[in-house]
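Chemist:
What follows is the structure in structure tokens.
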């Protein structure tokens, strides 16, 4: 049964991967057609074609290797001196600008002269290139808001899961009371497992962070109002100063762990899966995007540790870059975890959210052959033309992105090497859910 669940997790991730890729390419396809650019081909995957169907002027299909996707747009680059035009692939996992100019020149048909990509105004080209990554961002937002606001996440509540009998500094990392340890305020006041704290010093509390802040800010006598067996009663603990884990402005424990002196009561809060509000979800989504952007920027600094984890005795860090194979293994492992189905579903959806956020951020890098590189080229062309117009100079014409092909091949080569390194690490020393 465990093996079947593991395989199911991998299959579900593969399907989510294909949907994410197809959704990305649909953004390019729909906007290209909107602006009258001819698109001969829309493909999900690479390698041998498993299925395809031609509808109108576009061939739609699925290929054997689910490592990306592409659409072909006629006239991606301005024609060279000999009048040839090149086709383009939108996948970041192989040589992105494929076939050279003559391959796309062979696909030109009568009437295509006014349907070339490079002939569209720069702002239209920016929209076409941005639409792909933007679709991944939209999918990530929909999945994240759906999982957070409908299903929710596991969080601490004001319910009591257990009472600590004595005062122990959290940095000691022990649960057993020793000789001389003072009795905890919660135990001395009669707080019991199953109680729900509803007020602190007369102020109603409904969430853990608010209650935790009140406790940390108080040293000395306090009044706890709790619900027990359907009735309310007041308890009167005397809080003491203790060394506790430090929290950030959002109420989360900082990592790596740090400790501060604060008020201490001495109980463990019960965790439950709770839906988030729209505002809470928005804040978390913003934090997720910020963390993702920082991770993309930090990728080069993680290569040495990734190399050691793959070819030496180094440990694979929990925040190490993970590729498609690694993510598939994580989702397979996730399906075997003993947890409520809704919690597993939330975690699975979050894997897809992170994958789509990564696709969005990665493709927005202003480097060819990524979408961001073509956006940068279109913006540069717009600047050149506006500058020429202001100074009444001749129109410089379209910016020939093809001239950046040497740099594009270098960038593509670096991406391919990095992808192979991550693949090797995911096989030899994978990141594990545990």
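Residue numbers (this note's numbering): 2 to 435.
From the three backbone atoms N, C-alpha and C, an ideal C-beta is built for every residue, glycine too.
Would you kindly work out how many angstroms separate the C-alpha atoms of residue 32 and residue 113, rounded to a whole number?
Modeler: C-alpha separation (whole angstroms): 17 Å.
Chemist: Can you tell which of 282, 312, 292, 322 has the C-alpha that lies nearest to the C-alpha of residue 301?
Modeler: It is 322.
Chemist: Secondary structure at residue 26, three-state DSSP: helix, strand or coil?
Modeler: Looking at residue 26 - three-state DSSP - the assignment turns out to be helix.
Chemist: Taking contact to mean 3 or more Cβ pairs, one atom from each stretch, closer than 8 Å, check whether the region 23 to 38 and the region 69 to 76 are in contact.
Modeler: Judged by Cβ distances under 8 Å, the region 23 to 38 makes contact with the region 69 to 76, as three or more pairs qualify.
Chemist: Helix, strand or coil for residue 78 per DSSP?
Modeler: Correct three-state label for residue 78: coil.
Chemist: Which same chain residues end up closer than 7 Å to residue 221 when comparing Cβ atoms and leaving out the 5 residues on each side of it in sequence?
Modeler: Contacts found: 239, 240.
Chemist: Reducing DSSP to helix, strand and coil, say where residue 202 ends up.
Modeler: Residue 202: coil per DSSP, three-state reduction.
Chemist: In its own chain, which residues sit with a C-beta less than 6 Å from the C-beta of residue 377, not counting the 5 before and 5 after it?
Modeler: So the qualifying residues of the chain are 367.
Chemist: On the three-state DSSP scale, how would you describe residue 42?
Modeler: It is a strand residue.
Chemist: Check whether the region 172 to 184 and the region 195 to 207 touch, using three or more Cβ-Cβ pairs below 8 Å as the test.
Modeler: As far as the Cβ criterion goes, the region 172 to 184 does not touch the region 195 to 207, which means the pair count is below three.
Chemist: Could you give the DSSP three-state label for residue 113: helix, strand or coil?
Modeler: Three-state DSSP puts residue 113 in a helix.
Chemist: Exposed or buried, which one is residue 142 when buried takes at least 16 other CB atoms within 10 Å?
Modeler: Buried: at least 16 other Cβ atoms inside 10 Å.
Chemist: In this structure, does DSSP put residue 407 in helix, strand or coil?
Modeler: Three-state DSSP puts residue 407 in a helix.
Chemist: Taking the C-alpha atoms as reference points, what is the distance between residue 214 and residue 243?
Modeler: Cα to Cα, the separation comes out at about 14 Å.
Chemist: Are the Cβ atoms of residue 400 and residue 385 separated by less than 8 Å?
Modeler: Yes, Cβ-Cβ distance for residue 400 and residue 385 is below 8 Å.
Chemist: Count the other CB atoms, across all protein chains shown, that sit within 10 Å of the CB of residue 341; report buried if there are 16 or more and exposed otherwise.
Modeler: Exposed: under 16 other Cβ atoms inside 10 Å.
Chemist: Check whether the Cβ atoms of residue 356 and residue 335 sit closer than 8 Å, and answer yes or no.
Modeler: Against a cut-off of 8 Å, the Cβ pair of residue 335 and residue 356 comes out as no contact.
Chemist: Throw me the rounded Cβ distance for the residue 171 and residue 245 pair, which I believe falls under 8 Å.
Modeler: Yes, residue 171 and residue 245 are in contact; Cβ-Cβ is about 5 Å, under 8 Å.
Chemist: So what's residue 424 in DSSP terms, helix, strand or just coil?
Modeler: Here residue 424 sits in helix by DSSP.
Chemist: Output needed for residue 11: all residues of its chain with C-beta closer than 8 Å, excluding positions within five of it in sequence on either side, in chain order.
Modeler: Here the set comprises 329, 330, 332, 333.
Chemist: Who are the near neighbours of residue 268 in its chain, counting only those whose CB is closer than 7 Å to its CB and skipping five residues on each side?
Modeler: Counting only Cβ-Cβ distances below 7 Å, and skipping sequence neighbours, we find 161, 163, 164, 165, 187, 192.
Chemist: Alpha carbon to alpha carbon, how far is residue 178 from residue 311? Give it in angstroms, no decimals.
Modeler: The straight-line gap from Cα to Cα measures roughly 43 Å.
Chemist: Return the chain-ordered ranges of every beta strand (DSSP E) run that is complete within the region 262 to 324 and spans a minimum of 3 residues.
Modeler: Listed in chain order, the complete beta strand (DSSP E) runs (minimum 3 residues) inside the region 262 to 324 are 268 to 275.
Chemist: With H, G and I counted as helix, E and B as strand and the rest as coil, what does DSSP make of residue 367?
Modeler: In the structure shown, residue 367 sits in coil (DSSP, three-state: anything other than H, G, I, E or B).
Chemist: Residues in its own chain within less than 6 Å of residue 229 by CB, not counting five upstream and five downstream?
Modeler: Answer for residue 229: 196, listed in chain order.
Chemist: Of the choices 274, 155, 247, whose alpha-carbon is the least far from that of residue 258?
Modeler: Nearest option by C-alpha distance: 247.
Chemist: Apart from the five residues on each side of it in sequence, which residues of its chain come closer than 6 Å, Cβ to Cβ, to residue 152?
Modeler: These residues qualify, in order along the chain: 343, 347.
Chemist: How would you call residue 87, buried or exposed, if buried means at least 16 neighbouring beta carbons within 10 angstroms?
Modeler: Because residue 87 carries a pLDDT of 44, less than 50, the predicted location of this residue cannot be relied on, and no value is offered for it.
Chemist: Per DSSP, which residues does residue 52 bridge with? Please list them.
Modeler: According to DSSP, which records beta bridges pairwise, residue 52 is partnered with 63.
Chemist: For residue 53, is the classification buried or exposed, using 16 other Cβ atoms within 10 angstroms of its Cβ as the cut-off for buried?
Modeler: So residue 53 counts as exposed.
Chemist: Does the beta-carbon of residue 18 have 16 or more other beta-carbons within 10 angstroms, so that it is buried, or is it exposed?
Modeler: Result: buried.
Chemist: Out of 317, 295, 297, state which residue places its alpha-carbon closest to the alpha-carbon of residue 305.
Modeler: Comparing Cα positions, the closest option is 317.
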